[in-house]
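Numbering of the sequence shown is given in the working numbering, commencing with residue 15 and proceeding in unit increments.
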Amino acid sequence: MAAVALPLTAHAQRDLPLVAVLVPGTAKLANDRMVAIRKGLQEAGLAEGISYAFALRFADGVFDRLPGLALELAALKPRVIIASAAAATAVHRLFRICR
């Protein structure tokens, strides 16, 4: 079982927009995705810890965990949730139910 929350200071959690990332795969895949996301945000002129903070969850290939991880991230009230493949489906279902 694997779920990771990147360290966020109390200040960052309170004041910065939160970017939530949900990855259905392993920690390695999640880290690879985070590199790409950070690069894209940096190219857009945004700096982690200044413009936004991250929350990361990954299912380690156990797709049944995705709905729970999506709920966990949604409870953090992120500005945006980045999810791919099966993770995006879990997030979409969550928000349809919560309406």
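Here a beta-carbon is modelled for each residue, glycine too, at the ideal position from N, C-alpha and C.
Residue nearest to residue 99 within the set 58, 110, 53 and 35 is 35 (criterion: CA-CA distance). Annotated three-state conformation of residue 33 is strand, per DSSP. When 107, 74, 81 and 68 are compared, the shortest CA-CA separation from residue 93 is found for 68. In this structure, DSSP gives residue 43 a helical state, which the three-state scheme calls helix.
Proximity to residue 50 across 97, 110, 79 and 107 peaks at 97, based on C-alpha coordinates.
Separation of residue 61 and residue 110 (C-alpha to C-alpha, rounded to the nearest whole angstrom) is 31 Å. Across the set 65, 89, 48 and 86, the C-alpha of 65 shows the shortest separation from the C-alpha of residue 31. It is roughly 19 Å from the alpha-carbon of residue 75 to the alpha-carbon of residue 108.
In this structure residue 37 touches residue 101 by the C-beta definition: roughly 6 Å separates them, less than 8 Å.
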